[in-house]
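Colleague:
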Amino acid sequence: MNPQDFSAAINRKANELKNYATNRFPSKAGNIALRFVNGNFRAQGFQGTSFKKWKPNKRGGTVLVKTGKLRAATYFTTQPGQVTIKNTMPYAKVHNEGYKGEVSVKTHTRNKYSKTKVGTGKFTKTGKERTRTMTMKTGQNSVKGHTRKINLPQRQFIPTTKSPSPVLNNAILREVARDINQIMK
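Our numbering numbers the first residue of the sequence shown as 731 and each following residue consecutively.
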């Protein structure tokens, strides 16, 4: 290999690395980050420097997942050479960082419900009508606006600058090293 060929090969590899760093790397890192966030939801805790399990909620069941909207709202945006993880749900930041303080509750109406048995029009062999239980609105109350104290524990699922995740950083570094080695072959 003569010096001109060597110089051309170095320039070609440099352009490949630049293209990787600005275009391909951000989307790969974003996908790794999304898998990490979904893994936190599956594990019911945050994998930072150590695994921090989320405090269980009062209703039982899976923590932070009632409808799945919070988990599904996590996405990433890319710019040349960087990736940003985002969640557009209004309560995502409060859950991720925790909150202790007062919240104002607006004036609203609260509905009252009761259960009643309603005939279905079908009969048993003995001639008795079958019934089913229906929930029906029986009234409503007006609730005045007020403030209430909230103490929401931190249940971090997205890494922040204040609380990063070495596990996520190492996963991204492993992928980058693998890709750079592939480019440099």
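Glycine residues also receive a C-beta, built at the ideal position from the N, C-alpha and C atoms.
Rounded to whole angstroms, what's the CA-CA distance from GLY760 to MET731? Just pull it up for me.
Modeller: As a position in the sequence shown, residue 760 is number 30, starting the count at 1. As a position in the sequence shown, residue 731 is number 1, starting the count at 1. Between GLY760 and MET731, the C-alpha separation is close to 39 Å.
Colleague: On the three-state DSSP scale, how would you describe GLY760?
Modeller: Position 30 of the sequence shown, counted from the start, is the residue given in the question as residue 760. Reduced to three states, the DSSP call for GLY760 is helix.
Colleague: On a CA-only basis, which of ASN741, LEU747 and PHE771 is nearest ARG908? Give me that one, please.
Modeller: Translated into positions along the sequence shown, residue 908 becomes position 178. Here the closest residue by C-alpha is LEU747.
Colleague: Which residue's Cα is closest to the Cα of TYR750: GLY790, VAL793, GLN809 and GLN884?
Modeller: Translated into the one-based positions of the sequence shown, residue 750 becomes position 20. It is GLN809 whose Cα lies nearest to the Cα of TYR750.
Colleague: Flag this pair as touching only if the region 818-830 and the region 790-806 have three or more C-beta atom pairs under 8 Å; answer yes or no.
Modeller: Contact between the region 818-830 and the region 790-806 is present, because at least three Cβ pairs lie under 8 Å.
Colleague: Using the C-alpha atoms, what's the distance from THR846 back to LYS858?
Modeller: Here the question's residue 858 lines up with position 128 in the sequence shown. Here the question's residue 846 lines up with position 116 in the sequence shown. Between LYS858 and THR846, the C-alpha separation is close to 17 Å.
Colleague: Using the rule of at least 16 other Cβ atoms within 10 Å of the residue's Cβ for burial, across every protein chain shown, is PHE736 buried or exposed?
Modeller: If you number the sequence shown from 1, residue 736 lands on position 6. With fewer than 16 Cβ atoms within 10 Å of its Cβ, PHE736 is classed as exposed.
Colleague: Suppose you measure from the CA of THR779 to the CA of GLY769; what does that come to, to the nearest Å?
Modeller: Position 49 of the sequence shown, counted from the first residue, corresponds to residue 779. Position 39 of the sequence shown, counted from the first residue, corresponds to residue 769. Straight-line Cα distance between these residues: approximately 15 Å.
Colleague: Among the candidates THR752, LYS758 and LYS743, whose CA atom is the shortest distance from the CA of LEU903?
Modeller: The residue given as residue 903 occupies position 173 in the sequence shown. With distances taken between Cα atoms, LEU903 lies closest to LYS758.
Colleague: Sort ARG885, GLN734 and PHE781 by Cα distance to PRO896 and report the nearest one.
Modeller: Locating residue 896 in the sequence shown gives position 166, where the first residue counts as 1. Nearest of ARG885, GLN734 and PHE781 to PRO896, Cα basis: PHE781.
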